[in-house]
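All the letters of the sequence shown, read from the start, carry residue numbers 3 to 323 under our numbering.
Using N, Cα and C, we set each Cβ at its ideal position, and we do this for glycine too.
Just below is one structure, and these are the notes that go with it.
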Amino acid sequence: MTEMNRRALLRTAALAGAATATGLAGGLTTAAPAAAAETTEVVNGPWLVSVGWGVLQVNPGRTTPQRLLDDGDQATTSPDGRHVAWINNARSGDGSLEPYVQLYDRVTGEVRKLLADPFGTHYGAPTWSPDGTQIALVIGNDTLVAVDVATAAKRVLVQGHAMSYPNWSRDGSMIVMRWTSRSEGPQLRTLELATGKVRPIYTPEAAGELFHGPVFMPSSERVVFCTNRWTRDTEVPGGQALGSVRIDGTGLKRLTDETRYYQSPVFSPDGRYCAALSIPPTNEAPDGGNIIVSTSGFGEPWWIPGDEYDDSSRLDWARAI
C-alpha cells in the first residue's frame, strides 16, 4: 500500500469517526446555519479551539477550522449551544482594549460585554452553570465568583486560595477546580454549592507531579483530569495520561493506556464521547495540538485530521443549534 493510500484511508476512517460523534453518521455535510434550538434533543456540534489569541471553530464533517473570534482566549459554550463566553487579559498599545469577559451569540452574531476591569485584573477560564444562567470563573487567582449572565452581578463563592480551571457539574451541585492548599500543596477540590464546603478529591503522590484540566463526567459522579502520575519516567515529550477519581476522592484509575500529551479534556454535549487536545505521533515537530476523540469508555481513540492548533489553551465541544 502506498503512503498516499494509507493516509487517505486513515483520513477517511477519522472522518467517519468524527461524523458518528457529531451526529452526522449518515453522511458528511456542512453544518447547518445557526438557528434557535427547537428541540430538546441533544446533538453534538462543532469543536471550539482557543489558540491563545482568538478562537477557531471546527465544524462537524470538516477538518479545516474557521475563525470564530478574533481575540480573547478560554472560550466555552453555554449548555444550550447558543452563547460562547471568553476572556481577555491583555491590553492594547493604545489602551482601547482592557481585560474583559464577553459573550458571543451564535444565532445573531451579537457580542455583549459581561465584565470589564482595568488592566492588571486577571480573569481565569469560565465555566457555565448547567441551566445557562451563570458563569463561574476565578478573578485575580484567588477568588471564585459566579456571574449572573442577565445582570452581570457577581457573587463570591470562595476566596483566599490559588484556584484555576473550574468546571461546573452537569447536575449543578458542584464545581471542581485545581486548588493550592497552604499546608498540603496543589490538589483537586470540589466546592459543594449548597453548603459552601470545599473538599479535596485528589492529591498527587509525589512533589512535582503535573496534573490539570479537571472536568466532571456527564454523570457528575467522577472527575477526569490530565496527569503524569503514571508516566513520569517516560521519555514522551509532555507525556501524560487521563485519569479519573470519584467525587468522594476514592476509586482513582488510569483511563488511557498510551502515554501522550493531553490538555483540556471535554465531554460531548450528549455525554457519549470525550475529546482532548493532543499531539499525533506522526507530528515530527510538536508545537501545538490536534483533537483526539474516544468514546466515554475511553476505548480506541481517533484523531480529527486537519490543521494543528499552535499554542492551544482550551478545547470545548458545543451543542448543535
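Report task. Can you have a look at Gln242 and say buried or exposed, based on whether 16 or more other CB atoms are within 10 angstroms of its CB? Result -> As a working mapping, residue 242 is identified with position 240 in the sequence shown. Counting Cβ neighbours within 10 Å, Gln242 comes out buried, since at least 16 surround it.
**Report entry** Buried or exposed by the 16-neighbour rule on C-beta atoms within 10 Å, applied to Arg184
**Finding:** By one-based count along the sequence shown, residue 184 stands at place 182. Exposed: under 16 other Cβ atoms inside 10 Å.
Query - For Pro303, three-class secondary structure by DSSP - result: Residue 303 sits at position 301 when you count from the first residue of the sequence shown. Residue state, collapsed to three classes: coil.
Report task. Tell me whether Ser314 is buried or exposed, calling it buried when 16 or more other Cβ atoms sit within 10 Å of its Cβ. Result -> Position 312 of the sequence shown holds residue 314. Result: buried.
Requested in this report: Could you tell me whether the Cβ atoms of Pro101 and Asp119 are closer together than 7 angstroms?
Outcome: Numbered from 1 along the sequence shown, position 99 holds the residue referred to as residue 101. Numbered from 1 along the sequence shown, position 117 holds the residue referred to as residue 119. Yes, Cβ-Cβ distance for Pro101 and Asp119 is below 7 angstroms.
Query raised in the report: Any idea which residues DSSP pairs Asp144 with across the strands?
Result: Taking the first residue of the sequence shown as 1, we reach residue 144 at position 142. Bridge partners of Asp144: none, in fact.
Query raised in the report: Which residues in the same chain as Ala208 place their Cβ atom closer than 6 angstroms to its Cβ, once the five residues preceding and following it in sequence are excluded?
Result: Locating residue 208 in the sequence shown gives position 206, where the first residue counts as 1. Excluding sequence neighbours, Ala208 sits near nothing in its chain.
Query raised in the report: Is DSSP giving Gly187 helix, strand or coil here?
Result: Along the sequence shown, one-based indexing puts residue 187 at 185. Strand at Gly187.
Query raised in the report: Mind checking Ser221: buried by the 16 CB within 10 Å criterion, or exposed?
Result: Against the sequence shown, residue 221 aligns to sequence position 219. Classification of Ser221: exposed, given that the 10 Å Cβ count is below 16.
Query - Where the beta strand (DSSP E) containing Pro282 begins and where it ends - result: Locating residue 282 in the sequence shown gives position 280, where the first residue counts as 1. Neither: Pro282 is in no beta strand (DSSP E) and is coded neither H nor E.
Query raised in the report: Taking Cβ positions, are Ser246 and Tyr263 nearer each other than 7 angstroms?
Result: By one-based count along the sequence shown, residue 246 stands at place 244. By one-based count along the sequence shown, residue 263 stands at place 261. Cβ atoms of Ser246 and Tyr263: not closer than 7 angstroms.
Requested in this report: Starting from the C-beta of Thr129, find all residues in its chain whose C-beta is less than 6 angstroms away, skip the five residues before and the five after it, and write them out in chain order.
Outcome: The count along the sequence shown starts at 1 and reaches residue 129 at position 127. Cβ within range, chain order: Ala138, Pro168, Asn169 and Trp170.
Query raised in the report: Which term fits Asn61, buried or exposed, when burial requires 16 or more other beta carbons within 10 angstroms of its beta carbon?
Result: Numbered from 1 along the sequence shown, position 59 holds the residue referred to as residue 61. The residue is buried, with at least 16 neighbouring Cβ atoms inside 10 Å.
Query raised in the report: Helix, strand or coil: how does DSSP classify His163 here?
Result: Position 161 of the sequence shown holds residue 163. Looking at His163 - three-state DSSP - the assignment turns out to be coil, as it is neither helix nor strand.
Query raised in the report: Over what stretch of residues does the beta strand (DSSP E) that includes Asn90 continue unbroken?
Result: Position 88 of the sequence shown, counted from the start, is the residue given in the question as residue 90. His85 to Asn90 is the extent of the beta strand (DSSP E) around Asn90.
Requested in this report: Report yes if the C-beta distance between Glu267 and Cys276 is below 7 angstroms; otherwise report no.
Outcome: For the purposes of this step, residue 267 is taken as the residue at position 265 of the sequence shown. For the purposes of this step, residue 276 is taken as the residue at position 274 of the sequence shown. Note on identity: in this sequence residue 267 is Pro, with Glu being the wrong assignment. Their beta carbons are under 7 angstroms apart, which means Pro267 touches Cys276 by this criterion.
Query - C-alpha gap between Val295 and Trp319, whole angstroms - result: For the purposes of this step, residue 295 is taken as the residue at position 293 of the sequence shown. For the purposes of this step, residue 319 is taken as the residue at position 317 of the sequence shown. Whole-angstrom Cα-Cα distance: 11 angstroms.
**Report entry** Close Cβ partners of Gly54 (< 7 angstroms) along its chain, the five nearest in sequence each way excluded
**Finding:** Counted from its first residue, the sequence shown places residue 54 at position 52. Excluding residues within five positions, the ones whose Cβ falls inside 7 angstroms are Asp75, Asp313 and Ser315.
Report task. Assuming Gly122 contacts Val140 (C-beta within less than 8 angstroms), just tell me the rounded distance between them. Result -> Within the sequence shown, the letter at position 120 stands for residue 122. Within the sequence shown, the letter at position 138 stands for residue 140. Going by Cβ atoms, the distance from Gly122 to Val140 rounds to 15 angstroms, so no, they are not a contact pair.
**Report entry** CB of Val57 within 7 angstroms of CB of Pro271, strictly
**Finding:** As a first step, residue 57 is located in the sequence shown; it is residue number 55 there, counting from the start. As a first step, residue 271 is located in the sequence shown; it is residue number 269 there, counting from the start. No, these two residues do not count as a Cβ contact at 7 angstroms.
Query - C-alpha gap between Gly134 and Val151, whole angstroms - result: In the sequence shown, residue 134 corresponds to position 132, counting from 1. In the sequence shown, residue 151 corresponds to position 149, counting from 1. Each residue's alpha carbon lies about 8 angstroms from the other.
Query - Outcome for His124 when other beta-carbon atoms lying within 10 angstroms are tallied against a minimum of 16 - result: The count along the sequence shown starts at 1 and reaches residue 124 at position 122. Result: exposed.
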